[in-house]
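Residues in the sequence shown are numbered consecutively from 1061, following this note's numbering. From the three backbone atoms N, C-alpha and C, an ideal C-beta is built for every residue, glycine too.
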Amino acid sequence: MKRERAGKRPGLTPAQARRESKRVRLERTAEILSRLRAAYPESTTALHFKTPLQLLVATILSAQCTDQRVNAVTPELFRRRPTARDLAEASLPELEELVKTTGFYRNKAKALKALGQALVADHGGRVPRTMEELVRLPGVGRKTANVVLGNAFGIAVGIVVDTHVQRLTGRLGLSPETDPVKIERDLMALVPQDDWTLWSHLLIDHGRAVCKARKPECARCAVNDLCPSAEL
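Written out as structure tokens, the structure reads:
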């Protein structure tokens, strides 16, 4: 698809987006992916980690918390409690103190201790590599499992749908759904599987930098002519 200059594009109307065929939507999605890849060439998870366990813990802590805050907390947590067994044996007061600034710290501390116990009891202290096993762990839902599988193991079984991905998917007219599981299903039918992990990173980066929740900066958006919600 040829991109028009900002301010001169004919634009994609919401009605056109709703009526487009599957083939056209696939082509539009491919072009969005291409442009965002060029705009954010180093796009990856913002959470700092060295092991699958560290990423799993960091992702659990990121609920209702910024990645920046999580990254400020995890170095000391990982230093003092580096293994699943260490988490399992930690006292709740200690874990609460270590994760306090991430919010909802009592629930998160309980989840981390239970996570460590489950990993030791059922997986030899290692993080499993399947969706089915991951979502059985305390504090782990499908989104967290997708983060770990895609970024720690390079296994793409789904697409992470966080608030940025949900918002941008709706604005781009790629899914009419509001439920994250249904949004993920629609995106999996549009995005090549090899790009499922990258797709989430790109939308998250774009959501933070340009397509912001309160005031999207459509005039400088790399995909404004492909977006039925763009205002120029």
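Beta-carbon contacts of Gly1267 that lie in its chain and below 7 Å, excluding the five residues immediately before and after: His1224, Arg1227 and Leu1228
By how many angstroms is the C-alpha of Glu1087 removed from the C-alpha of Gln1076? 14 Å
Excluding five sequence neighbours on each side, which residues of the same chain lie with their C-beta closer than 7 Å to the C-beta of Asp1222? Lys1203 and Ile1264
Would you tell me roughly how many angstroms separate the C-alpha atoms of Cys1278 and Leu1234, rounded to the nearest one? 17 Å
The segment 1185-1205 / the segment 1109-1126 touching (three or more Cβ pairs under 8 Å): yes
Let me confirm a value: Ala1269 is counted as buried when at least 16 other C-beta atoms fall within 10 Å, else exposed. Which label applies? exposed
In the DSSP assignment, find the unbroken alpha helix (DSSP H) run with Ser1260 in it and report its ends. Trp1256 to Ala1269
Excluding sequence positions up to five away, which residues of its chain have a Cβ less than 6 Å from the Cβ of Lys1110? none
Measuring CA to CA, which of His1108, Arg1140 and Leu1113 is closest to Gln1128? His1108
Would you mind giving the Cβ-Cβ distance between Arg1250 and Arg1085, rounded to the nearest angstrom? I have them listed as a contact below 8 Å. One detail in the question is off: residue 1250 reads as Leu in this sequence, not Arg. Indeed they touch by this definition, with Cβ atoms about 6 Å apart.
Round the Cβ separation of Lys1058 and Leu1147 to the nearest angstrom and send it over; I've been treating them as touching at under 8 Å. No information on residue 1058 is available, as it lies outside the stretch 1061 to 1292 that the chain covers here.
Counting pairs of beta carbons, one from the segment 1140-1158 and one from the segment 1172-1186, are three or more of them closer than 8 Å? yes
Outcome for Lys1168 when other beta-carbon atoms lying within 10 angstroms are tallied against a minimum of 16: buried
What is the DSSP secondary structure of Val1207, counted as helix, strand or coil? helix
Considering only residues of the same chain and omitting the five flanking positions on each side of Val1200, which have a CB-CB separation below 6 Å? Leu1194
Give the list of continuous alpha helix (DSSP H) stretches no shorter than 4 residues that lie fully inside the segment 1112-1160. 1112-1121, 1127-1140, 1144-1149 and 1152-1159
Can you list, in chain order, the residues of its chain with a C-beta nearer than 6 Å to that of Ala1290? Leave out the 5 residues immediately preceding and following it. Cys1278 and Asn1284
Within a Cβ cutoff of 7 Å, which residues of the same chain sit near Leu1152, ignoring the five residues on either side of it in sequence? Ala1169, Lys1170 and Lys1173
Check the Cβ-Cβ distances between Val1208 and every residue of chain B, and say whether any is below 8 Å. Here there is only one protein chain, and chain B is not present.
Spatial neighbours of Thr1326 within its chain, please: CB distance less than 6 Å, with the 5 preceding and 5 following residues excluded, ordered by chain position. Residue 1326 cannot be examined here, being either before or after the span of the chain that is shown, 1061 to 1292.
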